[in-house]
Structure formats: structure tokens, C-alpha cells
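Participant: Can you keep this structure in mind? I'll have questions shortly.
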Amino acid sequence: MKALHLLLSFLVLLGITSCSNDDNFNSQIQAPPLKSSNVTYILNEGSFGSNNSTLSYFNNDTGELINDYFQKINPSKGGLGDTGNDLKIYGSKMYAVMNASNSVEVMNSKTGVSEGKITIPNARYIAFDKGFAYVSSYASATYGNGEALGIVFKIDTTNLQIISEVNVGRQPDGLAVVHNKLYVANSGGYTTTGDYETTVSVVDLNSFQVTKNIEVAPNLNKVKVDQNQKVWVTSRGNYGNISSSISVLDPTTDLVIQKLNLPVSDFDFYGDTMYYIGTEYDNNNKSSNVYGRLNINSLSKGSSFVNENIKSQIESPYGLAVNQKNGDIYLADAKNYMVTGNVFCLTNGGDLKWVNATGIIPGHFAFLK
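Going by this note's numbering, the first residue of the sequence shown is number 378, and it counts up by one from there.
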């Protein structure tokens, strides 16, 4: 479905990059009192072009679930937006990257009350460091006309103003900060000829300039940093003779030190373990879902973190995150990408804690600290 989102994104009308606070926000709306700081937010992407992305609120202490939470807290806003693509908490704010709405919606992380909106054309992913947010953008590129370079925008998180930008590769996706450098996965996802990008752009955060491009693999997507300060980058391959994979970069040398032929569509870390989901194919081209774990030091694969009973309940694993407080694993099931999906919460040992219906295409998680 993510590939479908990319293919359809040419329909999006791109606006001029700017930032504005929402003058129409009704300050009289009161959020419900926060009962716990042990809260999980779930961003449901919604159907592309339908403007039906939603936010779900789950209180891990009481079991209370509130779907369409953003709209209920901010009824004058007219909804969260179109095609939510990333969700992160930084400081007292939560940031929802809305791809087809060309924006980042900023909320109070404890209440969900809107605090402003940043206009970013074709926004993709967000990362943070030292009071600044960094948002990847496909910029002016459209499907079939994707030669324009992508952009990373630098935003002051105190006033939500864009203060700088830098060109990276074509159609940049995931990004992460380590050693005062920003690592940006370039995808080239709008190509119609198979000419995918193969590089990670390295941006020095002092000069905010690209210092190098590291050759990795075609059609890069997710970027995360493990506890050893190594950078992990997923590749979706070329949907043909090059399979998906995940590579490990050493930020001290900016060299690729490992490439693993694992079918990783999403992943997260807990301690020295990487949990991942993906799809693999047998010799008869029959697909099966993968729920894997990998020791990041020995690179040895462990058993599936999902038991057979739970596997039978999942149709389309789409998003994954681990709550760093307790190791609980959150797994999003997009079902057929048109109906309300489910979120499964598993203990670190693989036992099911709960499952809830949330919204259309649940895919992204943020944990209140």
C-alpha cells in the first residue's frame, strides 16, 4: 500500500512552503484531563485523497481507547488531514506528518490540542535534534516526473518556523540523527523506468550542507539508530530482480558495514534486539508474512515474535513499534487497506495483551513519556 501511496501522490497540489499557526483554533475547547502519562498515540493513515487520517489515543493504564481523537479535541479543525505518514513526540509537542495535505500538524503531546501547522510540500518523515525538527519532502516531484531533487526542511520547534532547507536525493524518505549528522534515505520512488536512488545523503548539522552520499541499495525507505549508534536503513529493492534488504552504516566512517537480505518493511529496536515485519516469497511466488527478530550484535536471527494463533488473526502487517518503557510490541494490521484496521499489543515475550480496532491503515506510533 505504501507503494500505491507513492504512485498516487502525483495528484497532490503542492503549495508554497510556509508556516502558520491556526488562527481559527477554538481556544475554548477543553481536552479531557490526562489520566496517565502511559499513553500510546496511533496515527491511522487513511485512504489517499479521502482526507480521513485519524489519531487514536490509548491509555495503557486504564485500557481506554479514543478513536478519531484529534477531531474530538479540535472539532473546528475539520480533521487531521490526508495520508498521515509519520508521528513523533519531541519535548511537549507531537508532530503528525500529513503527506497528501502537504503539512505537519503540531499538537500538545499531553492533550492533543492543536498548536499549529507547518506547510511542507509532499512531506514524508520527521526527526529531531537540539531544538530543531527535520522534515523530508519530495518537494515538486510528481510520479513520472521525479527528477527534481528532494528537500529536507529545518524547523525551529519553539516557534514552528522554517529556518533553512537543503537539497538531498530524489524522493527522500526516512531520516535520523547521530553524531551531529543527519542521515537521509533517498528512494527515487517516483521513477517509471526503474531508476531508483541508491544513496543515503549525509547532512552536517552545523553547516546544514550535504557532505557525502553513501551508496547503499535501491529504493531506500526507513532509517533508525540502534543503541550502539549504528544506522540501519531499509531498501525496498526494485520490485523485480533486486529484493528488499536492510543495511547497517557506521557513522564514524560513513561506510556500509553490513547488508542483510531480510524482507523488512518496518522495524524497531529494544535493547540489543531488532524486531521487524515484512513479506517473503517462496519459489512458487507465494507470499507469507514475516515477524522476525535479530540480535544486532551477533546478527543471529531469533524465532518469530508472533505466535501462530496471533498470526492467523493478522491480514496485512503494516507498522511496528516497541514501547521503550516496557518492551511491549505494537503491531498494526491494515487488513485490506479500505476498512478499519487493528492494532495488536504484545508483551516482549510474544503474549497478546490486547487488540483494538483504530482507523483506516494504522501505521505509526508515538509513546508519551
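Even glycine gets a Cβ: it sits at the ideal position worked out from N, Cα and C.
Which residue wins for smallest C-alpha separation from D659, given the options P640, D649, T650 and F644?
Facilitator: Minimum Cα distance to D659 is reached at P640.
Participant: Rounded to whole angstroms, what's the CA-CA distance from A698 to K558? Just pull it up for me.
Facilitator: For A698 and K558, the distance between alpha carbons rounds to 24 Å.
Participant: If you follow the beta strand (DSSP E) that E441 is part of, which residue opens it and which one closes it?
Facilitator: Unbroken run through E441: none, as it is neither H nor E.
Participant: First and last residue of the beta strand (DSSP E) that includes Y560?
Facilitator: K558 to N563 is the span of the beta strand (DSSP E), which, as asked, contains Y560.
Participant: Work out the CA separation of T568 and K494 for me, nearest whole Å.
Facilitator: Using only the alpha carbons, I get a separation of about 30 Å.
Participant: Over the uninterrupted alpha helix (DSSP H) stretch that includes F447, give me the two end residues.
Facilitator: Looking at the DSSP string, the run of the alpha helix (DSSP H) that includes F447 is Y446 to I450.
Participant: Taking 8 Å as the limit between beta carbons, can you name the residues of its chain near M475, skipping five residues before and five after?
Facilitator: Taken in chain order, the residues that qualify are S430, L457, G458, D459, T460, G461, N462, V481, E482 and A500.
Participant: Nearest CA to the CA of V610: which residue from S624, N618 and K470?
Facilitator: Per the Cα distances, S624.
Participant: For V667, which residues of its own chain have a beta-carbon under 7 Å away from its beta-carbon, when the five flanking residues on both sides are left out?
Facilitator: Correct list, in chain order: P640, I654, G655, T656 and E657.
Participant: Indicate the three-state DSSP secondary structure (helix, strand or coil) for K494 in the structure shown.
Facilitator: DSSP places K494 in strand when its eight states are reduced to three.
Participant: Looking at C-beta atoms only, is the number of pairs between the region 592–609 and the region 542–558 that lie closer than 8 Å three or more?
Facilitator: Because the criterion of three Cβ pairs below 8 Å is met, the region 592–609 and the region 542–558 touch.
Participant: Where V416 and K487 are concerned, what is the direct C-alpha to C-alpha distance, given to the nearest angstrom?
Facilitator: The straight-line gap from Cα to Cα measures roughly 9 Å.
Participant: Within this structure, are the beta carbons of S620 and F585 separated by less than 8 Å?
Facilitator: It is not a contact, given that the beta carbons lie outside the stated cut-off.
Participant: Is it buried or exposed, Y616, if we count other Cβ atoms within 10 angstroms and call 16 or more buried?
Facilitator: Burial call: exposed.
Participant: List the DSSP bridge partners of E482.
Facilitator: According to DSSP, which records beta bridges pairwise, E482 is partnered with A473 and K494.
Participant: Just list the residues that DSSP pairs T656 with in beta bridges.
Facilitator: Note: T656 sits in a beta bridge opposite N666.
Participant: Return the chain-ordered ranges of every beta strand (DSSP E) run that is complete within the region 497–567 and spans a minimum of 3 residues.
Facilitator: Runs of the beta strand (DSSP E) inside the region 497–567: 500–506, 509–514, 528–533, 538–544, 549–555 and 558–563.
Participant: Between the alpha carbons of Y329 and A743, how many angstroms are there, rounded?
Facilitator: Residue 329 cannot be examined here, being either before or after the span of the chain that is shown, 378 to 746.
Participant: Label I737 either buried or exposed according to how many other C-beta atoms from any shown protein chain fall within 10 Å of its C-beta, with 16 as the threshold for buried.
Facilitator: It counts as buried.
Participant: DSSP state of S414, grouped into three classes?
Facilitator: Coil.
Participant: Just the Cα atoms here: how many angstroms apart are L582 and Y511?
Facilitator: C-alpha separation (whole angstroms): 10 Å.
Participant: With distances taken between CB atoms, is the gap from S622 to N596 smaller than 8 Å?
Facilitator: Cβ distance not < 8 Å, so S622 and N596 don't count as in contact.
Participant: Can you list, in chain order, the stretches of the beta strand (DSSP E) that have 3 or more residues and sit fully within the region 675–742?
Facilitator: The region 675–742 contains these whole beta strand (DSSP E) runs: 694–699, 706–710, 717–723 and 729–737.
Participant: Is it right to say I706 is buried, meaning 16 or more other beta carbons lie within 10 angstroms of its own, or is it exposed?
Facilitator: Its Cβ being crowded by 16 or more others within 10 Å, I706 is buried.
Participant: Assuming the contact rule is C-beta atoms closer than 8 Å, K470 and E441 should be a hit. Round their C-beta distance to whole Å, please.
Facilitator: Contact flag wrong, Cβ pair sits at about 23 Å.
Participant: Taking a contact to mean a Cβ-Cβ separation below 8 Å, would you say Y652 touches R670 in this structure?
Facilitator: Yes, Cβ-Cβ distance for Y652 and R670 is below 8 Å.
Participant: In whole angstroms, what separates the C-alpha of E422 from that of P739?
Facilitator: Cα to Cα, the separation comes out at about 6 Å.
Participant: Would E574 be called buried (16 or more neighbouring beta carbons within 10 Å of its own) or exposed?
Facilitator: Looking at its Cβ environment, which holds 16 or more other Cβ atoms inside 10 Å, E574 is buried.
Participant: What separation, rounded to the nearest whole angstrom, lies between the Cα atoms of N451 and I503?
Facilitator: Using only the alpha carbons, I get a separation of about 23 Å.
Participant: If we count the other Cβ atoms within 10 Å of its Cβ and call it buried at 16 or more, is I497 buried or exposed?
Facilitator: Label assigned to I497: buried.
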